Amino acid sequence: MKRSLIIFALAVAAQPAIAADAKKGEQLAQQQCAACHGKDFVTAVDPTYPKLAGQYVDYLEKALRDYQTGARKNAIMAGLAKPLSRDDIRNLAAYLSSLPGPLSNEKR
Amino acid sequence: MKLSRFLLLATATTMSFAAVAQEKKTSAPASTPGAPVSTCIGCHSIPGYQASFPQVYRVPKIGGQSQQYIEAALKAYRQGDRKHPTMVGIAKGLTDDEIASVAAYYAQRGR
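Just so you know, the sequences run in chain order F and R.
Numbers 6 to 113, taken from the numbering used here, label the letters of the first sequence in order.
Numbers 3 to 113, taken from the numbering used here, label the letters of the second sequence in order.
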């Protein structure tokens, strides 16, 4: 009994965190984000809006969380980010970071 | 348990990025006359470089980003609408002209 409990505990601990779902992220992104950031997330409707395609997944998540908390102030993004769940944010970031685009941190 | 796993993963990821960064040979000079980018390259020209304070995440890719967006971002840091302490400090030392030239520099450096 004790051993099976230990094995169970180890099995639970070894579970990887549930992976983000880029497919769900795509649906949400095309509904909520594409109108301003562009369908390809490279050609935004306004040049002051950032390109998001290929951006780092963890930076995208952080940006959305900062809009939610107000750490980053932007009236439009605050309204859009507010209703997002933690999973919505992970899914959106997974999708956007997977897209091809010009963004780079290479030295050139 | 979760924390230690995360730390292990973070360390492994950082190390692999460091290895990749070392293999790349620098080709073109990193700065152009007029654009004060020597401050930027220490973080933004190292693929996978992570900000470590106050949160750990990779610093955004800004090469190839929209010029007007980079300008808006730097001005938002300068006036306190964005809070990252390092970026606030750097942006406060930049004039409008310097912001414009940094933005132009990075906008041209996409892949």
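Ideal Cβ placement from N, Cα and C applies to all residues, glycine included.
As the structure is a computational prediction, the values presented were derived from the model and not from experiment.
Residues of the region 38–55 of chain R that bring their beta carbon within less than 8 Å of a beta carbon in chain F comprise I43, H46, S47, I48, P49, G50 and Y51, in sequence order. DSSP places Q37(F) inside the alpha helix (DSSP H), whose first and last residues are A27 to Q37. Taking a C-beta distance under 8 Å as the contact criterion, R111(R) and L96(R) do not qualify as a contact pair.
Between P52(F) and Q67(R), the C-beta gap is not smaller than 8 Å, which leaves the two residues out of contact. When DSSP states are grouped into helix, strand and coil, A53(R) belongs to the strand group.
Chain order gives the chain R residues near Q60(F) as P62 and K63, where near means a beta carbon separation below 7 Å.
From the listed residues G65(R), V61(R), D83(R) and Y51(R), the smallest Cα separation to A105(R) is found for G65(R).
Short of 7 Å from the beta carbon of H46(R), and not among the five residues preceding or following it, lie these beta carbons of its own chain, in chain order: V61 and I64. The alpha helix (DSSP H) runs lying completely inside the region 55–113 of chain F and spanning 4 residues or more are 62–74, 80–86 and 91–103, given in chain order.
Judged by DSSP secondary structure, R80(R) falls within the alpha helix (DSSP H) whose first and last residues are Q69 to Q81.
Under the three-state reduction of DSSP output, G65(R) falls in the strand class. Where I101(R) is concerned, the enclosing alpha helix (DSSP H) starts and stops at D98 to A109. Between the beta-carbon of G84(F) and that of F46(F) there is about 19 Å, and that puts the pair past the 8 Å contact cut. Under the three-pair Cβ rule at 8 Å, the region 87–105 of chain F counts as touching the region 58–67 of chain F. Close CB contacts of I94(F) within its chain, under the 7 Å cut and outside five residues either way in sequence, are with E66, L69 and R70 (chain order). Within the same chain, V50 and Y54 come within 6 Å of C41(F) by CB-CB distance, once the 5 residues on both sides are set aside. Counting along the chain, H86(R) sits inside no alpha helix (DSSP H), nor does DSSP assign it H or E at all.
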